[in-house]
Amino acid sequence: MEHTVSTMGCNASTDYSKSKYNDNAIKAAVLIQRWYRCKRAQLEISRRYSLSIFQSIEYADEQEQTQLSSFFAFMLERYVHPDAAAHTATSSCASPDADSYVTEYEKIDVPDSYRGPRLSFPLTLEHAHALLNAFKNGQLLHARYVLQLLCEARRVLKEKPNITHVSVSYSKEITICGDLHGNLDDLLLIFYKAICKCPWFCFLLQNGLPSEKKPYVFNGDFVDRGKNSMEILIILFTFLLIYPNDLHLNRGNHEDYVLNLRYGFTGEVLKKYKVHGKVILYHLREVFSWLPLATIINNKVLIVHGGISDTTDLASLNLLERNKVRAHTRKTQGTSSPGSPESSRSSSHSEPTRKEWKQVLDILWSDPKKQKGCFPNKRRGGGCYFGPDTTDQLLKRYNLKMLIRSHEFKRDGYDLTHDGKVITIFSASNYYEEGSNRGAYIRLNPDLIPHFVQYQVCKWTRKQRNWERVKTIEQSALQILREKIFAHKLTLVETFAKYDCNSTGRISVSEWAAAMESVLQLQLPWRTLRPQLAKTDPDGKVDYMSSFCNMEIAHSTQEVQPALVETLCKYRRDLQMIFNIMDEDQSGLISPEEFRKTWKTFNSHVGIQAHDASIDKLAQSIDYNKDGHIDFGEFLEAFHVVHKLE
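In full-length UniProt numbering, the protein residues as written are 1 to 646.
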């Protein structure tokens, strides 16, 4: 009996120990789960506010572009187009209606030393493969072939209607791609390999090159921001010439020579084609003007780059002269001032009506919203926000099933809104920073059911862990935000001082956040961002001057008017492009007189007061070796914002 009792006691003790161990293990597992979920939530918050920073600054830049569009147009008209016209006085490629579109590409010799692809027209699939292989290896297509390709592309595009109608038979699908923005790797990945994700499994998918059996729609924004916009255009125009009925191109808001000047494509062309770059730009402007405005598939799916408004009229869009609706679309929301490029144009040119301008503006710039109604898109500075009711009205009016659009960054490469009736497709992966987003495209079958294919080009972050990728994105976003803050330092300090009545250098977090938003107007979660941007004292007050403590101007600016310095910081990239346009021989030098005149004109458009004496003194000071020329590359580099900690 004693033995039995002893055994039972031992078993009870063992069971108790196991139970206690299991309880501790469960508690530990719960703690680990909580910690893991907390860390994941923190990473997601960091990722979201980082992407919000990128997107808000992108839209703020577009608003600034509205202010500068007339100035950019003035400079392009003065320095690019007359020069280009002087080089194109005779025609070897006149259009069928013998208009003024001419080029001298036949007069350009291709030297024997050129090792890139050589084109002969009409183009074949072999030419396309040669171009793809050349661009993979970093080669350039010779300017002679570029100009001839543009001439032929314009000829084909000119024959197309404003709205292209496409029929998809039951034997094939059609592929729809969104913004590429100069990312050649994304285009090559679409053609050759991507990951198709379905609800139940994923697999590698080779979509294939455009062909009669593999039609494509590319929905605008082929250029700007990325480094290979020219290569993307060449590839798309090549397939357009080979398969004119199976590759379809819609115009995006960045197929616009004014935006190209600000967002990189102009600089890319001038850098890659130093001798013939301006002539290429001149003809690209013409080709862009002939890109169709929309595509309709099987009379049921409308594809436009941006979106719609409550006044969108497809019949009107189909009838307007699209080649005359060019760069100055965003100026139509105001009136032209005397002496501006718009008011100084010859009255002999037939200009689109305001209604026609708005029709194009809305389909290129608009964004969908969950709220009902249709109202101006003030965040971008052009187009509209359209709600589900606006979508329903247009679809019902034209007996359509859905609207496919691009134009807007999406973390997963695509997004569905308005009960799935509006699809956003965005094909540029790593748009803000490597790891920031996937790209995607749509495969639409004859039943008009969309299948989404996602992908992401990973060069540097492939071996990084998730938290490391998020940290990289966060640091990049905060860096450009700090630069934006520093470029508005004078205005911000004045606004902070209004809250700081006793000149303590301290204000509340709420006041600091209100000041940041009132000046920068970025619609960011400033309270959440405050620990990353400014210091607080033990009482929780913000030391507002610490918002600028890790930044400085690379150039010593004691003798330069502060407002002038701030303007230089804000518009350094724009001025760089303007000076590149002015630099006739691409020597990197301009005269002090040209600098003074250009800067004064620029200043009048920006609307910032800078004394003439200060501008003249600045022009004299940057003629470093007193040879009568300004090295504007060194000058503008001196006025960029640097991070002290770096």
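Don't be surprised by glycine CBs; every beta carbon is placed ideally from N, CA and C.
Exercise. Run through DSSP, which three-state label would Phe426 get?
Worked result: As a working mapping, residue 426 is identified with position 426 in the sequence shown. Note: Phe426 maps to strand in three-state DSSP.
Exercise. Taking the alpha-carbon positions, what's the Pro111 to Gly226 distance?
Worked result: By 1-based counting over the sequence shown, the position of residue 111 is 111. By 1-based counting over the sequence shown, the position of residue 226 is 226. About 29 Å.
Problem set entry | Residue nearest to Glu356 in terms of C-alpha spacing, selected from Tyr263, Asn323, Thr598 | Here residue 356 refers to the residue found at position 356 of the sequence shown. If we check each option's Cα against that of Glu356, Asn323 comes out closest.
Exercise. Based on Cα-Cα distance, which residue from Gln206, Ile32, Glu286, Leu240 lies nearest to His127?
Worked result: As a working mapping, residue 127 is identified with position 127 in the sequence shown. Nearest C-alpha to His127: Leu240.
For this session: Between the Cα of Trp290 and those of Ser510, Gly306, Leu364, Pro161, spot the shortest distance and give me the residue it belongs to.
Result: Taking the first residue of the sequence shown as 1, we reach residue 290 at position 290. Of Ser510, Gly306, Leu364, Pro161, the residue nearest in Cα terms is Pro161.
Problem set entry | Cut-off 6 Å between Cβ atoms - residues of its own chain near Leu481, not counting five sequence neighbours on either side | Counted from its first residue, the sequence shown places residue 481 at position 481. The residues are Ile53.
Exercise. For Leu293, which of helix, strand or coil comes out of DSSP?
Worked result: Reading the sequence shown from its first residue, position 293 is the one you call residue 293. Looking at Leu293 - three-state DSSP - the assignment turns out to be coil, as it is neither helix nor strand.
For this session: Look up Ile449 in the DSSP assignment and say whether it is helix, strand or coil.
Result: Here residue 449 corresponds to residue number 449 of the sequence shown, with the count starting at 1. In this structure, Ile449 counts as coil in the three-state DSSP scheme.
Exercise. What do you get for Leu31, buried or exposed, if any count of 16 or more other CB atoms within 10 angstroms of its CB means buried?
Worked result: Looking up residue 31 in the sequence shown gives position 31. The residue in question, Leu31, is exposed, as its Cβ has fewer than 16 Cβ neighbours within 10 Å.
Problem set entry | Pick from Pro244, Asp23, Asp186 that is closest to Glu212, judged by C-alpha positions | Along the sequence shown, one-based indexing puts residue 212 at 212. Out of Pro244, Asp23, Asp186, Pro244 has the C-alpha closest to the C-alpha of Glu212.
Exercise. With DSSP run on the structure shown, which of helix, strand or coil describes residue 648?
Worked result: With the chain covering 1 to 646 only, the question about residue 648 has no answer from this structure.
Problem set entry | Reference Trp467, options Thr495, Arg47, Lys410, closest by Cα | Counting from one through the sequence shown, the residue named residue 467 turns up at place 467. If we check each option's Cα against that of Trp467, Arg47 comes out closest.
For this session: State the CB to CB distance for the pair Asn318 and Ile163, rounded to an integer number of angstroms; the pair is presumed to be in contact (CB under 8 Å).
Result: For the purposes of this step, residue 318 is taken as the residue at position 318 of the sequence shown. For the purposes of this step, residue 163 is taken as the residue at position 163 of the sequence shown. With a Cβ gap of about 5 Å, Asn318 and Ile163 count as contacting.
Problem set entry | Anticipated Cβ contact below 8 Å, Leu394 with Lys300, distance rounded | Against the sequence shown, residue 394 aligns to sequence position 394. Against the sequence shown, residue 300 aligns to sequence position 300. Not confirmed; about 13 Å, so no contact.
Exercise. Going by C-alpha distance, which of Ser113, Glu268, Pro122, His305 is nearest Gly182?
Worked result: Here the question's residue 182 lines up with position 182 in the sequence shown. Closest by alpha carbon: Glu268.
Problem set entry | Beta-carbon contacts of Tyr273 that lie in its chain and below 6 Å, excluding the five residues immediately before and after | Walking along the sequence shown from the start, residue 273 turns up at place 273. Here the set comprises Ala143, Ile280.
Problem set entry | Bridge-paired residues (DSSP) for Tyr441 | Counting from one through the sequence shown, the residue named residue 441 turns up at place 441. DSSP output for Tyr441 lists Cys177, Val453 as bridge partner(s).
Exercise. Would you call Ala89 buried or exposed, if buried means 16 or more other Cβ atoms sit within 10 Å of its Cβ?
Worked result: Numbered from its first residue, the sequence shown carries residue 89 at position 89. Only weak support is given to the placement of Ala89: the predicted model assigns it a pLDDT of 35, under 50, and the value that follows is read from those uncertain coordinates. Ala89 comes out exposed.
Exercise. Would you say Ile308 and Ile363 are within 9 Å of each other, going by their C-beta atoms?
Worked result: Position 308 of the sequence shown, counted from the first residue, corresponds to residue 308. Position 363 of the sequence shown, counted from the first residue, corresponds to residue 363. Taking 9 Å as the Cβ cut-off, Ile308 and Ile363 qualify as a contacting pair.
Problem set entry | Three-state class that DSSP yields for Arg465 in the structure shown | Counting from one through the sequence shown, the residue named residue 465 turns up at place 465. DSSP places Arg465 in coil when its eight states are reduced to three.
Problem set entry | Leu51 beta carbon less than 9 Å from that of Arg411 | Within the sequence shown, numbered from 1, the residue matching residue 411 stands at position 411. Within the sequence shown, numbered from 1, the residue matching residue 51 stands at position 51. Yes, the Cβ-Cβ distance between Arg411 and Leu51 is below 9 Å.
Problem set entry | Range of the contiguous beta strand (DSSP E) that encloses Val217 | Working through the sequence shown from its first residue, we reach residue 217 at position 217. 216–218 is the span of the beta strand (DSSP E), which, as asked, contains Val217.
Problem set entry | Same chain, Cβ closer than 6 Å to Phe191, five either side skipped, listed in chain order | Counting from 1 along the sequence shown, the entry for residue 191 is found at position 191. Only Leu209 meet the Cβ criterion.
Exercise. Whose C-alpha, out of Thr124, Gly373, Gln359, Ala428, is nearest the C-alpha of Gln454?
Worked result: Numbered from 1 along the sequence shown, position 454 holds the residue referred to as residue 454. For Gln454, the nearest C-alpha among the options comes from Ala428.
Exercise. Quick one: what does DSSP say Pro338 is sitting in, helix, strand or coil?
Worked result: Locating residue 338 in the sequence shown gives position 338, counting from the first residue. Bear in mind that a pLDDT of 32 at Pro338, under 50, signals an unreliable position, so the number given afterwards is only what the model happens to contain. In the structure shown, Pro338 sits in coil (DSSP, three-state: anything other than H, G, I, E or B).
Exercise. Which residue from Gln139, Asn399, Val325 puts its Cα closest to that of Gln359?
Worked result: For this step, residue 359 is matched to residue 359 along the sequence shown. Minimum Cα distance to Gln359 is reached at Val325.
Exercise. Does the Cβ-Cβ distance between Gly413 and Asp367 come in under 9 Å?
Worked result: Here residue 413 refers to the residue found at position 413 of the sequence shown. Here residue 367 refers to the residue found at position 367 of the sequence shown. No. Outside cutoff.
For this session: Determine, using beta carbons only, whether Leu302 and Met230 come nearer to each other than 9 Å.
Result: The residue you call residue 302 lines up with position 302 of the sequence shown. The residue you call residue 230 lines up with position 230 of the sequence shown. The answer is no: Cβ separation not under 9 Å.
Exercise. DSSP state of Tyr273, grouped into three classes?
Worked result: In the sequence shown, the residue the question calls residue 273 occupies position 273. In the structure shown, Tyr273 sits in coil (DSSP, three-state: anything other than H, G, I, E or B).
Exercise. Shortest alpha-carbon distance to Leu123 belongs to which of Leu259, Val519, Asp221, Thr238?
Worked result: Counting from 1 along the sequence shown, the entry for residue 123 is found at position 123. Comparing Cα positions, the closest option is Thr238.
Exercise. Thr491: which of Leu478, Val519, Ser113, Leu533 sits nearest, CA to CA?
Worked result: Translated into positions along the sequence shown, residue 491 becomes position 491. Out of Leu478, Val519, Ser113, Leu533, Val519 has the C-alpha closest to the C-alpha of Thr491.
Problem set entry | Which of helix, strand or coil DSSP assigns to Arg144 | Locating residue 144 in the sequence shown gives position 144, where the first residue counts as 1. Three-state result, Arg144: helix.
Exercise. How about Phe409 and Asn445: do their beta carbons lie closer than 9 Å?
Worked result: Indexing the sequence shown from 1 puts residue 409 at position 409. Indexing the sequence shown from 1 puts residue 445 at position 445. Cβ atoms of Phe409 and Asn445: not closer than 9 Å.
Exercise. Between which two residues does the alpha helix (DSSP H) carrying Pro388 extend?
Worked result: Taking the sequence shown and counting its residues from 1, one reaches residue 388 at position 388. Where Pro388 is concerned, the enclosing alpha helix (DSSP H) stretches over 388–397.
Exercise. CA-CA distance, Thr332 and Gln479?
Worked result: Walking along the sequence shown from the start, residue 332 turns up at place 332. Walking along the sequence shown from the start, residue 479 turns up at place 479. With a pLDDT of 40 at Thr332, under the threshold of 50, the modelled position of this residue cannot be trusted; read the value that follows with caution. C-alpha separation (whole angstroms): 34 Å.
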